[in-house]
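This report concerns only the one structure given below.
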Amino acid sequence: MSKKVLLAVAVLFASFALSAQNIKISPVGLVTEGDQMVYYNPTTTLTIDLCVVHDVTVPGPYARYAQRYFGTVAPLSEKISWKLESAVIYYSDEESADAPAPLPLAEAEYADHLHSAENFVAVRPDRTSTAVKSDEDMAAETAAAIFSLRQARLELITARAGENVFGAGLEAALAEIDHIENEYLSLFFGKQYTTREWRRYTVVPAEGETTHVVCRLSESAGLVDSSDLSASPVVVDFRPKGMAQSVIPPMPAVDNRRGESVPTRSVRVADLVDCRVMSGRTVLAERTVPIYQLGVTAQVAK
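If you count the sequence shown from 1, you need to add 38 to reach my numbering.
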């Protein structure tokens, strides 16, 4: 058996041995296909989906009196924060596509559309008359109303009051008391608005690249462009396994038996790469992906 045949058999067995691990081989450069010349440049593209959580806390107009009446300190200023919750990695190349799922719609845990303390003040639920009172007096009256509501709820539950309130009527009465109490408590402890949003980014790894900045996270502005150096980077970390090197053995320059050049063609072997999406030291997602750009280009016998 000639060395050329032995080499072909070796390449074939190496390819079969690693096929279960998603090793991919593709022609590269100009290739004759029938009567046409086709240029191949196999490239792997990553799609990164990021889930970011947006929290907004609006202080209540009576926040500074919360500790006096309830023994708990309430936030005194508006707070806005963004944080990354999770990520998903997809990939595609010329041969296959790991189709990304449709991005979910933004999810709001509490949508009150309050963006400032002024809007909060404009809808105070404790105003029951046109009399003008100071915030301190209003806070005292609202605190008293909260404790009165709690007492009324207890009396309904223990049947000490509302002897004609039962069944669905009792449920409705208790639900309305809970609603009014929460509205009054929000005047002291504020309201919180939380949304989850998904953003999609495309990453094309460069040859020899070990880290790619996808975007940046600002605690006040959320996900911003990768060029905004004031924010913290969100990166994809590439860790090639080096398995592409073992797929195709070195080709001899000539056939030693005949002394003739061996006809060859160029192929690119995608390496298996451990990809991790990271924000600081937090790993948001990881996946092993065959990436052509981080593999090797070799010559094989035609």
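Backbone N, C-alpha and C fix where the C-beta goes; we use that ideal spot for every residue, glycine too.
Helix, strand or coil at ILE215 according to DSSP, with G and I counted as helix: helix
Segment contact flag, the segment 82-95 with the segment 232-245, C-beta cutoff 8 Å, min 3 pairs: Yes: at least three Cβ pairs fall under 8 Å.
Selection from TYR100, VAL76, VAL311 and VAL273 that minimises the alpha carbon distance to LYS171: TYR100
DSSP state of GLY318 mapped onto helix, strand, coil: coil
CB contact flag (LEU88, LEU267, <8 Å): At a Cβ-Cβ threshold of 8 Å, LEU88 and LEU267 do not count as neighbours.
Per-residue burial, MET75 [other beta carbons within 10 Å of its own, 16 or more giving buried]: exposed
8 Å Cβ cutoff met for TYR330 and THR82: yes
Beta bridge counterpart(s) of PRO65 as assigned by DSSP: The secondary-structure analysis by DSSP pairs PRO65 across a beta bridge with VAL305.
Cut-off 6 Å between Cβ atoms - residues of its own chain near SER53, not counting five sequence neighbours on either side: Reliability of the predicted coordinates at SER53 is poor, the pLDDT of 46 falling under 50, and the value obtained from them is presented with this limitation in mind. Closer than 6 Å at the Cβ level, and outside the excluded window around SER53, lies no residue.
Closest Cα partner of ARG314 within the set ALA169, VAL241, ALA139 and VAL273: VAL273
Cβ-Cβ separation, VAL69 to TYR78 (assumed contact under 8 Å), whole Å: 6 Å
Where ALA323 falls: helix, strand or coil (DSSP): strand
Beta-carbon proximity list for PRO142, same chain, < 6 Å, skipping 5 on both sides: Excluding residues within five positions, the ones whose Cβ falls inside 6 Å are TRP236.
Other residues of its chain near SER119: CB distance less than 6 Å, five sequence neighbours each side excluded: ASP93 and GLU257
Sufficient close CB pairs (3 or more, under 8 Å) joining the segment 60-67 to the segment 221-231: no
Endpoints, the alpha helix (DSSP H) within which GLN105 is located: 104-108 is the span of the alpha helix (DSSP H), which, as asked, contains GLN105.
First and last residue of the uninterrupted alpha helix (DSSP H) at GLU235: Going by DSSP, GLU235 is part of no alpha helix (DSSP H) but of the beta strand (DSSP E) stretching over 229-241.
SER124, DSSP secondary structure in three states: strand
Sequence-distant residues of its chain with Cβ nearer than 8 Å to PRO138 (five each side left out): Same-chain partners within the cutoff: THR85, ASP87, VAL126, TYR128 and ARG238.
Delimiting residues of the beta strand (DSSP E) encompassing MET75: 74-78
Cβ shell of PRO271 (< 6 Å), same chain only, five flanking positions each side left out: VAL251 and ARG254
Per-residue burial, LEU223 [other beta carbons within 10 Å of its own, 16 or more giving buried]: buried
Euclidean distance between Cα positions of SER130 and VAL285: 21 Å
GLY207 to LYS117 span [Cα, whole Å]: 39 Å
DSSP three-state assignment for ALA182, whether helix, strand or coil: helix
Classification of GLY246 by the beta-carbon crowding that lies within 10 angstroms, buried from 16 upward: exposed
Where TYR129 falls: helix, strand or coil (DSSP): strand
7 Å Cβ shell around THR180 - same chain, five flanking residues per side excluded: TYR100, ASP164, TYR222 and LEU225
Residues near ARG325 by beta carbon distance below 6 Å, same chain, minus five either side: ILE127 and CYS313
Inter-residue spacing [alpha-carbon to alpha-carbon] between GLU219 and ALA210: Between GLU219 and ALA210, the C-alpha separation is close to 14 Å.
Residue from GLY318, ALA323, ALA282 and LEU322 whose Cα sits closest to the Cα of LEU310: ALA282
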